[in-house]
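All remarks here apply to the structure that follows.
2 protein chains.
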Amino acid sequence: MPTIIEVAALAGVSTATVSRVLSRPEQVSEDTRLRVLAVVRESGYVPNVAARSLRTLRAAKILLTVPDISNAFFASVIRGAEEAARDAGYSVVVGDTRHDPDVEDQYADMLSRREVDGLIFLGHRLPASLAPMLSRKGAAAPIVNGCEYSPDLGVPSVHIDNAAASADAIEHLIGLGHRRIGVVTGPEISPISRDRLAGAIDAATRAGLRDSLHIRIGDYSAGSAIDHTRDLIAQDVTALFCFSDEMAMGALSAIGDAGLSCPKDVSVIGFDDLPLARYFQPPLTTIAQPKAMIGRRTVELLVDILHGVDSPSRQVTLDHELIVRGSTAQPASAR
Amino acid sequence: MPTIIEVAALAGVSTATVSRVLSRPEQVSEDTRLRVLAVVRESGYVPNVAARSLRTLRAAKILLTVPDISNAFFASVIRGAEEAARDAGYSVVVGDTRHDPDVEDQYADMLSRREVDGLIFLGHRLPASLAPMLSRKGAAAPIVNGCEYSPDLGVPSVHIDNAAASADAIEHLIGLGHRRIGVVTGPEISPISRDRLAGAIDAATRAGLRDSLHIRIGDYSAGSAIDHTRDLIAQDVTALFCFSDEMAMGALSAIGDAGLSCPKDVSVIGFDDLPLARYFQPPLTTIAQPKAMIGRRTVELLVDILHGVDSPSRQVTLDHELIVRGSTAQPASAR
DNA sequence: GATCCGAATGTAAAGGATTACATCGGATAT
DNA sequence: ATATCCGATGTAATCCTTTACATTCGGATC
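If you're matching them up, the sequences are chains A and B in order.
Counting in the working numbering, the first sequence runs from 30 upward without gaps.
Counting in the working numbering, the second sequence runs from 30 upward without gaps.
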């Protein structure tokens, strides 16, 4: 693998010129440019990234951490982020933290060490070791959050209006005639779970049905919804609102195990609109998040920070959509 | 952020000594070592990776490409790989190729450019641009495959015995009494799909039931199984063997849509044992692959190559397991 | 007491690219 | 004809670390 020195020699120019041909071609005369490019092509020269990054103090990489890479929701966000990053000349390093603070810190160190230029974290927990970076005055820290807006973090973020989305779900159920509704939330510590819960309660209250909500705390995983569903069925709810499609899947499973059927006996509504949601049995009514767009916008926000553009919008709210499929229907009582 | 020069000055030693303290501590006297470490700790010194990698020509990174990051199967493999990589002092860069050869090549370039020390690719397609690297004589190319063993590639790989696993599935169905069995495969180009198909045919043939198999070509996605399932139901199959759990999910959905029920009317068996498989309705009988272990072993194989250990086993076959859940039962005719 | 050895440490080159600054030559202005 | 300017290119410093080789020094050997 040739170095820039050899390319320069072959083309009969200095290394500076070769470098310019590659990074600022307009500064070089056409003659020289073509000659150098020809040599580059023939020799298969590729700039050494370590040398470049040593000199420029830039890595052209963005670190994207997710709490759980096996979660299909995050997978779609990652895709959107990768696309946008590629457009901006960055590549994405994906890190799976498994909800483990130690691993989070390890990844965060990559930022401190400047192995990557910026960090996007999905989920609600900002690695502890980055706090100093944020509080530092001056240029904004190259850190952006996706999905889990947490105002006190002081980090730009991209998310939907979770309260409004949740209200839509509840209104849908109330509109169908449901008066006993189970709600399975995310963990209490999750800001978006709180927002969704607040939105749900608001919507019920507005309809004069505050007491129709039966709330259980889950953790977004299918397993966590099982017990709650069993329990809520015993409380005679006619509908279930789960704060993730995975939990909705658990709910459907528990409903079947109880010898009941969805939506005849119990309606179920999820959250996320995973690619598989349409293949649930019955196909799942759910709130769709613009997953790829969330990924894309987080990257754009981060790139703005990296390029010193101080973007006017540090909080980006994207649109959600209620997707009505077969898992919600009128309760038996209304038929 | 201090450099090694400042640390050396503070500790009253040369940069060489600081470097040794960090990488080969046994070469340094205890006194000096402790003094330097103290300074390192206080100053928060972290070696600059770009400079190090420039000097050593190593990046301490492994690139892991997957054809589709939203596939839950790959997610588990990635986890295993990350763990093993961490153990070996490497970090993992995950790349999602979306089955796009251009993107594959882009990632492969990271290897040519030495941005990463090695490449693990899941799936069956080796990026074209890497062919020269493989054919080069001498040290083995730092490339390992996971999941999709393809003998002609000449790349070390880790996988299960797909033919045997598939035979297990067919034998299970035959043992239950099924005599008309639909098989929904992966794409024809996929070597593991071919292996599984061969295994299925073998098993059926051994049982004298070669003609009981009704084969349809899918693409591992839930959507692709829908039409095939409808079609196979029309052919009066009593059981379906899908080469992925996702397709099994599509099959279950199509069975429901047809007004039939699983396993009463049609048994379904999948492949992979995704985390969600147990929450399918009914819980899915499937072939479990040791996903995390596949990830781990690919990394170990790669690290051996990187360290010049020529490992005796260039092909690693791991154990699979048939997990019987609720989606398979005797056919109605046998009851 | 001279010689040798080895452990501990230092010196300085090397790794490859970028870029501020210097230089050169020709075109334009006066 | 001379001064000025500008575009194109070259020179060389710089980014930070690692490591081959050199040096130093105390102790063992003869």
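Built from N, CA and C at the ideal position, the CB exists for glycine as well.
Bear in mind the structure is a predicted one, so any value in this text is a computation, not a measurement.
Check your understanding: Among the residues of its own chain, which have a CB less than 6 Å from the CB of Ile-244 (chain B), if the five just before and after it don't count?
Key -> Hits under 6 Å: Val-212.
Point to revise | Option in B:Leu-39, B:Gly-288, B:Thr-94, B:Ser-99 with minimal Cα separation from Gly-73 (chain B) | key: Distances from the alpha-carbon of Gly-73 (chain B) to those of B:Leu-39, B:Gly-288, B:Thr-94, B:Ser-99 put B:Leu-39 closest.
Review point. Taking the alpha-carbon positions, what's the Ala-280 (chain A) to Leu-331 (chain A) distance?
Key: Rounded to whole angstroms, Ala-280 (chain A) and Leu-331 (chain A) show a C-alpha spacing of 37 Å.
Practice item. Take His-201 (chain A) and list the residues in its own chain whose beta-carbon comes closer than 8 Å to its own, dropping the five residues that flank it on each side. Key: Closer than 8 Å at Cβ, skipping near neighbours: Ile-298, Thr-314, Leu-351, Val-353, Thr-357.
Review point. Taking C-beta to C-beta, are Tyr-136 (chain B) and Lys-90 (chain B) nearer than 8 Å?
Key: No, the pair does not count as a contact, with Cβ atoms beyond the cut-off.
Practice item. Can you tell me which of the three DSSP states Thr-357 (chain A) falls into? Key: Thr-357 (chain A): coil per DSSP, three-state reduction.
Check your understanding: What in chain A is Cβ-close to Leu-83 (chain B), meaning under 8 Å?
Key -> Here the neighbours are Asn-77, Ala-79, Ala-80, Leu-83.
Practice item. For the region 186–234 of chain A, list the alpha helix (DSSP H) runs that are entirely contained and at least 4 residues long, ordered along the chain. Key: As summarised for the region 186–234 of chain A, the continuous alpha helix (DSSP H) elements at least 4 residues long and confined to that stretch are 191–205, given in chain order.
Point to revise | Arg-64 (chain A) - containing alpha helix (DSSP H), residue span | key: Counting along the chain, the alpha helix (DSSP H) containing Arg-64 (chain A) begins and ends at 59–72.
Review point. Are there 16 or more other CB atoms within 10 angstroms of the CB of Leu-63 (chain B), so buried, or fewer, so exposed?
Key: Leu-63 (chain B) is exposed by the Cβ-count criterion.
**Study point:** Best match in A:Gln-359, A:Arg-325, A:Asp-333, A:His-336 for proximity to Ala-114 (chain A) [C-alpha to C-alpha]
**Key:** Closest by alpha carbon: A:Arg-325.
Check your understanding: What do you get for Ala-361 (chain A), buried or exposed, if any count of 16 or more other CB atoms within 10 angstroms of its CB means buried?
Key -> When all chains shown are included, Ala-361 (chain A) counts as exposed.
Practice item. Leaving aside the five residues before and after Arg-87 (chain B) along the sequence, list all residues of the same chain whose C-beta is less than 7 Å from its C-beta, in chain order. Key: These residues qualify, in order along the chain: Asp-146.
Point to revise | Element boundaries [beta strand (DSSP E), containing Ile-172 (chain B)] | key: Judged by DSSP secondary structure, Ile-172 (chain B) falls within the beta strand (DSSP E) whose first and last residues are 172–175.
Review point. Cα-Cα, which of B:Asp-116, B:Ile-149, B:Arg-142, B:Ser-105 is closest to Gly-124 (chain B)?
Key: Ranking the options by Cα distance to Gly-124 (chain B), first place goes to B:Ile-149.
Point to revise | Among A:Val-50, A:Ile-34, A:Ile-255, A:Ala-317, the one whose alpha carbon lies nearest that of Ser-195 (chain A) | key: Looking at the Cα atoms, A:Ala-317 is the closest of the given residues.
Exercise for review: For chain B, find out if any of its Cβ atoms is closer than 8 Å to the Cβ of Val-123 (chain A); answer yes or no.
Suggested key: It does; some Cβ of chain B falls within 8 Å.
Review point. Roughly how many angstroms lie between the CA atoms of Ser-48 (chain B) and Ile-33 (chain B), to the nearest whole one?
Key: C-alpha separation (whole angstroms): 8 Å.
**Study point:** For His-243 (chain A): DSSP bridge partner residues
**Key:** DSSP lists A:Gly-211 as partners of His-243 (chain A).
Check your understanding: Would a C-beta distance cut-off of 8 Å place Ile-98 (chain A) and Ala-104 (chain B) closer than the cut-off?
Key -> Against a cut-off of 8 Å, the Cβ pair of Ala-104 (chain B) and Ile-98 (chain A) comes out as a contact.
Review point. Along chain A, which residues have their Cβ under 7 Å away from the Cβ of Gly-285 (chain B)?
Key: At a C-beta separation below 7 Å, Gly-285 (chain B) has these neighbours in chain A: Gln-310.
Point to revise | Proximal residues, the region 191–215 of chain A versus chain B, C-beta separation under 8 Å | key: Within the region 191–215 of chain A, no residue has a Cβ that lies closer than 8 Å to any Cβ of chain B.
Point to revise | Distance between beta carbons of Ala-169 (chain A) and Ile-334 (chain A), contact taken as under 8 Å | key: About 5 Å separates the beta carbons of Ile-334 (chain A) and Ala-169 (chain A), which is inside the 8 Å limit, making them a contact pair.
Exercise for review: Give the DSSP-derived three-state secondary structure of Gly-147 (chain A) in the structure shown.
Suggested key: DSSP places Gly-147 (chain A) in the strand class (E or B) of the three-state scheme.
**Study point:** Bounding residues of the beta strand (DSSP E) (the contiguous stretch that carries Gln-344 (chain A))
**Key:** First-last of the beta strand (DSSP E) with Gln-344 (chain A): 344–347.
Practice item. Please list the partners that Pro-171 (chain B) has in chain A, where partner means a Cβ-to-Cβ separation under 8 Å. Key: Residues of chain A passing the Cβ test: none, with the nearest at roughly 15 Å.
Point to revise | DSSP bridge partner residues for Lys-320 (chain A) (one or two, in chain order) | key: Lys-320 (chain A) pairs with nothing; no bridge assigned.
Exercise for review: Give a yes or no on whether the C-beta atoms belonging to His-153 (chain A) and Glu-177 (chain A) are separated by under 8 Å.
Suggested key: Yes. Within cutoff.
Check your understanding: Which residues, in chain order, does the region 57–73 of chain B contribute to contact with chain A at a C-beta distance below 8 Å?
Key -> Result list empty, no residue passes.
Review point. Of all Cβ atoms in chain B, is any one closer than 8 Å to the Cβ of Leu-305 (chain A)?
Key: At least one chain B Cβ lies under 8 Å of Leu-305 (chain A).
Review point. Is there at least one Cβ from chain A nearer than 8 Å to Gly-290 (chain B)'s Cβ?
Key: Per the sequence presented here, residue 290 (chain B) reads as Ser, with Gly not at that position. Contact of Ser-290 (chain B) with chain A is not assigned, every C-beta pair being separated by 8 Å or more.
Check your understanding: Looking at Leu-347 (chain A) and Pro-304 (chain A), is the spacing between their C-beta atoms short of 8 Å?
Key -> No, the Cβ-Cβ distance between Pro-304 (chain A) and Leu-347 (chain A) is not below 8 Å.
Check your understanding: Using Cβ-Cβ distances below 7 Å, what residues of the region 228–257 of chain A are close to chain B?
Key -> Cβ contacts with chain B come from Ala-251.
Exercise for review: Name, please, each residue of chain B whose Cβ falls closer than 7 Å to the Cβ of Met-278 (chain A).
Suggested key: Neighbours of Met-278 (chain A) on chain B, chain order: Leu-305, Tyr-308.
Practice item. Run through the region 72–145 of chain B for me and flag every whole alpha helix (DSSP H) of 4 or more residues, listed as ranges in chain order. Key: Fully enclosed alpha helix (DSSP H) runs of no fewer than 4 residues occupy 78–85, 101–116, 130–141 of the region 72–145 of chain B, in order along the chain.
Point to revise | Bounding residues of the alpha helix (DSSP H) (the contiguous stretch that carries Glu-35 (chain B)) | key: In the DSSP annotation of this structure, the continuous segment of the alpha helix (DSSP H) that includes Glu-35 (chain B) starts and ends at 33–40.
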